[in-house]
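K.L.:
Residues 18 to 272 (the numbering used here) make up the sequence shown, in order. Even for Gly, the Cβ is constructed at its ideal location relative to N, Cα and C. This is the structure I want to talk about, given as structure tokens.
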Amino acid sequence: MVEVFAVASGKGGTGKTTSTVALGMALADRYDVTVVDADTGMANLLFHAGLSDAETTLHDVLAADAPVEAATYDRFGMTVVPCGTSLDGFRDADPGRLRDVVAALAEDTDIILLDSPPALDSRTAVLPIVLADRIVVVLQPTIPAISDGLKVQEYATTYDTDVAGLLFNKVRESESIEQVSEKTERYFDGPTLASVPESERAREARRAGRPLLAHAPECEAATAYRAAAETLTVQNGTAADAADRFQSAVIPESL
Numbered sequence: 018m019v020e021v022f023a024v025a026s027g028k029g030g031t032g033k034t035t036s037t038v039a040l041g042m043a044l045a046d047r048y049d050v051t052v053v054d055a056d057t058g059m060a061n062l063l064f065h066a067g068l069s070d071a072e073t074t075l076h077d078v079l080a081a082d083a084p085v086e087a088a089t090y091d092r093f094g095m096t097v098v099p100c101g102t103s104l105d106g107f108r109d110a111d112p113g114r115l116r117d118v119v120a121a122l123a124e125d126t127d128i129i130l131l132d133s134p135p136a137l138d139s140r141t142a143v144l145p146i147v148l149a150d151r152i153v154v155v156l157q158p159t160i161p162a163i164s165d166g167l168k169v170q171e172y173a174t175t176y177d178t179d180v181a182g183l184l185f186n187k188v189r190e191s192e193s194i195e196q197v198s199e200k201t202e203r204y205f206d207g208p209t210l211a212s213v214p215e216s217e218r219a220r221e222a223r224r225a226g227r228p229l230l231a232h233a234p235e236c237e238a239a240t241a242y243r244a245a246a247e248t249l250t251v252q253n254g255t256a257a258d259a260a261d262r263f264q265s266a267v268i269p270e271s272l
């Protein structure tokens, strides 16, 4: 089986990368999980996974300077494909090669999580959503964040990518998340997977270069992410079908 999820938000600052890694670690208890930093312009995953000194990254693969196997690392029970942070690496990377990368990874994993760019402002930014089977939309319970999330959904459905669910993140105690999520679900196609409270432990984990579920596995935020992973349904698919689908995906020429 293999299914590809794009973890997307439509705006920065929602904790999308923290959420991607946390979902990956939680899902890895039951599945073989591969996490890919598909944000080739503003990569963050390598810092969350303790891979800031990685010699080979997705930039090298997309520039045809290395095979995808050279950019994969076993971290915290998952396979992690980090992206580099240099401007030269971003300039030399061909985003179209991401199709082949995902197809190759699909041969040897159950779930692929694509940490997507936070804004739909380029072909590079929308490609993970186009390639994914479904998206997980990370939202803060604010009108701007929800509005941007709806734009992500609109773009996804245009390319027949479904919504797996919504993940509210950085939720403060003063916010009535039940009312917000109830209203939000009227406009989104997927259910609410969980509400993750704002957490100092998440910030500590980021500074320590460790995923939240490894740094503070018993904190409230970690518990909420595990609940989201339990709620997330995973659909069966074959690696061969996935490879054909990814390699034939149409890359939008313009937005």
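Where are the beta strand (DSSP E) runs, 3 residues long or more, that stay fully inside the region 31-90, in chain order?
P.N.:
With a minimum length of 3 residues, the continuous beta strand (DSSP E) runs that stay inside the region 31-90 are 50-54.
K.L.:
Just checking my contact of V197 with Y242 at CB under 8 Å: how many whole Å lie between their CB atoms?
P.N.:
With a Cβ gap of about 19 Å, V197 and Y242 do not count as contacting.
K.L.:
Grouping DSSP H, G and I as helix and E and B as strand, with all else coil, what is P161?
P.N.:
In the structure shown, P161 sits in a helix (DSSP, three-state: H, G or I).
K.L.:
Does the Cβ-Cβ distance between T248 and Q157 come in under 8 Å?
P.N.:
In this structure, Q157 does not lie closer than 8 Å to T248 by Cβ.
K.L.:
Give me the DSSP bridge partner(s) of I128.
P.N.:
Bridge partners of I128: E20, V50.
K.L.:
Restricting to Cα atoms, I'd like to know which of R151, N253, E215, R114 is closest to T240.
P.N.:
That would be E215, whose Cα lies nearest to the Cα of T240.
K.L.:
With respect to the beta strand (DSSP E) encompassing D179, which residues constitute its N-terminal and C-terminal limits?
P.N.:
Run containing D179: 179-188, per the beta strand (DSSP E) assignment.
K.L.:
I need the boundaries of the alpha helix (DSSP H) containing S103, first residue and last residue.
P.N.:
Note, S103: premise wrong, no alpha helix (DSSP H); not H, not E.
K.L.:
Look at A110 and H65 and say whether their C-beta atoms are less than 8 Å apart.
P.N.:
Going by C-beta atoms, A110 is not nearer than 8 Å to H65.
K.L.:
Using the C-alpha atoms, what's the distance from P112 back to S103?
P.N.:
Going by the C-alpha atoms only, they are around 15 Å apart.
K.L.:
Cβ of L130 within 8 Å of Cβ of F22?
P.N.:
Contact: yes.
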